[in-house]
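Working notes, beginning with the structure itself.
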Amino acid sequence: MRTDGYPMEKYNPQAIEAKWQRRWEEEQTFRAAEDAAREKYYLLVMFPYPSGRIHMGHVRNYAIGDVMARRQRMNGKNVLHPMGWDAFGMPAENAALKEGVHPGEWTWRNIDAMRRELKTMGLSYDWSRELATCDPAYAHWEQALFLKLYEKGLVYRKTSLVNWDPVDQTVLANEQVIDGRGWRSGALVERRELAQWFLRITAYADELLAGLDKLPGWPETVRTMQSNWIGKSRGLEFSFALKGRSDRLTVYTTRPDTILGVTFCSIAPEHPLARETAQRDPAAAAFVRECLSGAVTEESLERAEKKGFDTGLQALHPLTGEAVPIYIANFVLMSYGSGAVMAVPAHDQRDFEFARKYQIPVKVVIQPADRKLVPHLMTEAYTGPGVQVHSGPYDGLDNETAKQRIIDDFQDKGLGEARVNYRLRDWGISRQRYWGNPIPMIHCPSCGVLPVPAEQLPVPLPQDVEITGAGNPLERHPTWKNVPCPKCGAAARRETDTMDTFMESSWYFLRYCCPDLNSAPLDRARVDHWMPVDHYVGGIEHAVLHLLYARFFHKALRDVDQVSCDEPFSRLLTQGMVRKDTHRCPTHGWLYPQESVEGEDEAGLCCVHCGQPVVIGRNEKMSKSKRNVVDPGELIAGYGADTARLFMLFAAPPERDLEWSDSGVDGAWRFLGRLWRLTLELHERAPDAQPARTLPENAELRKLRRKTHATIAKVTDDFERLQFNTGISAVMELINDGGQTLAQSPDPLPPETAAVLRELAESALLLLHPYVPHVTEELWERLGHEIPLSRQSWPVADPEALTKEEWTIVVQVNGKLRARLVVPAETPDAVLEEMALEDERVQTHLMGKTVRKIVVLSGRLVNIAAA
RNA sequence: GCCCGCGUGGCGGAACCGGUAGACGCAGCGGACUUAAAAUCCGCCGGCCGAAGGCUGUGCCGGUUCAAAUCCGGCCGCGGGCACCA
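So the first sequence is numbered by numbering that gives the first Met the number 0: it starts at 0 and just counts up by one.
Have a look at this one:
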């Protein structure tokens, strides 16, 4: 490309980006309003927690979302693309603890800082719909929704276990428990029972599971994960009579076929029978206490050794009448089924280990086809298929048939019921924290637990609060919790628990539809207009909890007449993580990228503090703790938002992890430079050229125009497939070809050349606009356009220019490439076959062989099978 | 342990329905321009043997097919989810 004689203005992203961001804001380009005439498109990205700074994960998430939003706008859709803040949560309280700043002040300050940072990315949000979940207005309507669910019977209170820090006198979240100790006090964490609020998500277990099949736009992995999380199982519920007592022991099993192999029962430490035993037996009490010590984290539970305690009670087998012992076992969960299990050591691994440890008999009732199980020789349980033995009337049946027959028989005799169980538990939403939304309930000593009357909402958080890390700040507040009972007027007490922050993220996408509404949580008409979300973009880490809670909450809201659709998110795109290698100095530990510098000689990277060689570690998710982070602010300040966005979108397809690469960023920068120079030089040399509308006379130019239109088709298609990286590479090719043609063309440019290049450049700007909106707007304007690119339509490929005038035919002999034929398009198969056989190189490879078969794929390939 | 997903050059990745493996980019090498550097532009770039050309090659082994990175079976490796759910 020639540059002499054309002193060209350099690409200056900082100036351009500020200009266009200002312009879009002034012109309200991305303001969304309901419009019955146009098809709506709701593009949602997961709103961030306002930690204070944006990180590369945000940049990637929001770049992907913005590309899709801008693309749909160019497609003529009426796009809603909002942004807000997931603003309640523990970090604000931690900051309060550390820096003495009020959580609210800290949060709002962070929101301002992050909004400023996000705005430098040039994202096409409708900022007029911005919301923060800690805003009293948002919290107000969330409390109102909570009460609607309460009225519907979807909210209830029950006791449940929490992590209790005995020194700080406070409840700990799982992540605050480190090696079984409180993160601040270091005290051994205890399990403590506390009355807490729950949402009845299990009432929707079946619908949540079945709904997954109606979400073809969701990644298979996410659906599988949710399905496993719900964990539906079918089995039999029945009860054992207890020897010498009138009460019974209810159990649930998925293996009724093994029922005649029962040699004991086990119950959870929290089971009523275990409590009863503990009351009369100090040794049992000690065992139960031991089981309940330690944190509730999965980690600690899973490591625990299997232990039991014989209650001395005996269960009577419903079929044989045989008496079997009942053990308290530390691995039985009170929260699943009935908290009691029939134990079949021969056919369940846990029961087997337990039986061996406590010398309980093993009774085989299923024999596999390939070997014979002998109880005292077994080293593990047999859980596979087989034939029933020692099973009385069921002997000889295969176990699957026996399973059904036993369920039927139990039902017929009224001994038990077929039952479905779920792994999914009800959603505990109580948090003993300050910085969350208060649960709007009141405890009256005489009237019991009552909802706060609607006209008294919202329950506000007190501003004058002391965050000490000990106890629950709301509980400790001197006056806040004192209120008159709404029913009897007597002195009552507010609920001091606040809601899980997953509550806020379960309906924010609905509130975006009507953020200004101040008379109700939601405006049904506007919500119905925009919902469901057409495409939701966010991190895979939210595959289960957030996305399952939001689906549940949405269905619950549907059942209290707040929304109409069944599922909130039609399509889901889960983007991969941003990763980078880690740098570690033997002395100074993890290093930030700027702390490891190129050493002398060939020493590689060295620590900037001590000069020792740096150990390059694994490529891992960017995280502060490993210090393998790159600050988006610096990247954007240095290269501009367009380069940052282009790199993020080009380096990997969205679903895959993205590996950070400094030189990859340089590559993106260089490409924008090429685009810049090509467009400006073309405009200098042919300022009045109009884009070509027909195929040129000149063969080379014809080819170039065909390339332009093939690129339009390819990028359009790649958008459908969400393959942003390959779409960008197609435009790169086009720009490379265009640059070559321009460099090789005489001055002044022949009109035909100018027209083809003009069309090429304009097409490239249109195609690239969703990815790199600022530089394309600027170049578009410099080409003389008055209507900005952000209001232009997506280009359509000219069908004539998409047809090929020649074919390149691949010729294979026995599947191996031997020749290429360039022929006029539409050459008949017979001619292709003939030409292939006549080809000199093909002849060489056919020498001494007999042609067995010839496969011709019109326009593409001829394969000659010979032997 | 169970359930998913993935293994392609020095690197990120492409090849969409089984049909030219390695597009595009990075790194590297060579060259042009320049007093020089930067920037920019051009060329080369899986491995082996070579002059043309040939052989080989998509984690490994086998199968289906005229044709396999792609489909099937079995291994190996990596990543993720769940993990006493009876």
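For every residue, glycine included, the Cβ atom is placed at its ideal position computed from N, Cα and C.
- Sixteen is the threshold: when 16 or more other Cβ atoms of the shown chains lie within 10 Å of the Cβ of Leu42, as they do, the residue is buried.
- Here the C-alpha atom of Arg72 lies approximately 11 Å from the C-alpha atom of Leu788.
- Counting C-beta pairs with one atom in each stretch, the stretch 7-20 and the stretch 36-52 have fewer than three that are closer than 8 Å, which means they do not touch.
- For the pair of segments examined, the stretch 267-280 was found not to touch the stretch 409-420: the number of CB pairs separated by less than 8 Å stays below three.
- About 15 Å separates the CB atoms of Arg757 and Leu694; that is not less than 8 Å, and the two are not in contact.
- The beta carbon of Tyr251 lies closer than 7 Å to those of Gly234, Glu236, Gly336, Ser337, Arg418, Asn420 in the same chain, with the five residues before and after it left out.
- The C-alpha of Ala68 is placed about 10 Å away from the C-alpha of Ala62.
- The continuous beta strand (DSSP E) containing His582 extends over residues 577-584.
- Assignment of beta-bridge partners to His534 by DSSP yields Leu42, Arg570.
- The beta carbons of Arg523 and Gln462 sit no closer together than 9 Å.
- Between the alpha carbons of Ala273 and Ala284 lies a gap of roughly 9 Å.
- Beta-bridge partners of Cys606 (DSSP): Ser595.
- His442 is bridged by DSSP to Val448, Arg492.
- Selection Ser334, Leu130, Arg108, Ser123 evaluated against Cys512 yields Leu130 as nearest (Cα-Cα).
- Note on Pro452: under 16 other CB atoms within 10 angstroms of its CB, so exposed under the neighbour-count rule.
- Under the 10 Å beta carbon count, Thr642 is surrounded by 16 or more other beta carbons and is classified as buried.
- Only residues of its own chain outside the window of five on either side were considered, and among them Ile200, Tyr203, Leu207 have a CB closer than 7 Å to the CB of Phe551, listed in chain order.
- Between Gly427 and Gln195, the gap from beta carbon to beta carbon is short of 9 Å.
- The three-state secondary structure of Phe501, taken from DSSP, is coil.
- For Phe330, there is no enclosing alpha helix (DSSP H), as DSSP marks it with neither H nor E.
- With a threshold of 16 other beta carbon atoms within 10 Å, Val464 meets it and is buried.
- In this structure, Asn162 sits away from Gln142, with a CB-CB distance that is not shorter than 9 Å.
- Shown here, Thr642 sits in a helix according to DSSP, grouped into three states.
- Per DSSP, Met341 is one residue of the beta strand (DSSP E) stretching across 339-342.
- In the displayed model, Glu352 falls within a helix according to three-state DSSP.
- The Cβ atoms of Trp140 and Thr106 do not sit closer than 9 Å to each other.
- In this structure the stretch 728-743 does not touch the stretch 23-35; the number of beta carbon pairs closer than 8 Å is below three.
- Met89 is the residue among Pro798, Met89, Val774 whose C-alpha sits nearest the C-alpha of Gln431.
- Ranked by how close their Cα comes to the Cα of Arg493, the residues Ile441, Asn517, Leu544 have Ile441 in first place.
- Under the 10 Å beta carbon count, His270 is surrounded by 16 or more other beta carbons and is classified as buried.
- In the structure shown, the three-state DSSP call for Tyr251 is strand.
- For Leu516, the secondary structure class from DSSP, reduced to helix, strand or coil, is coil.
- With 16 or more neighbouring CB atoms inside 10 Å of its own CB, Glu777 falls in the buried class.
- For Ala709, the enclosing alpha helix (DSSP H) begins and ends at 698-719.
- Cys290: member of the alpha helix (DSSP H) spanning 281-291, first to last residue.
- The Cβ atoms of Val629 and Met120 lie no closer than 9 Å to each other.
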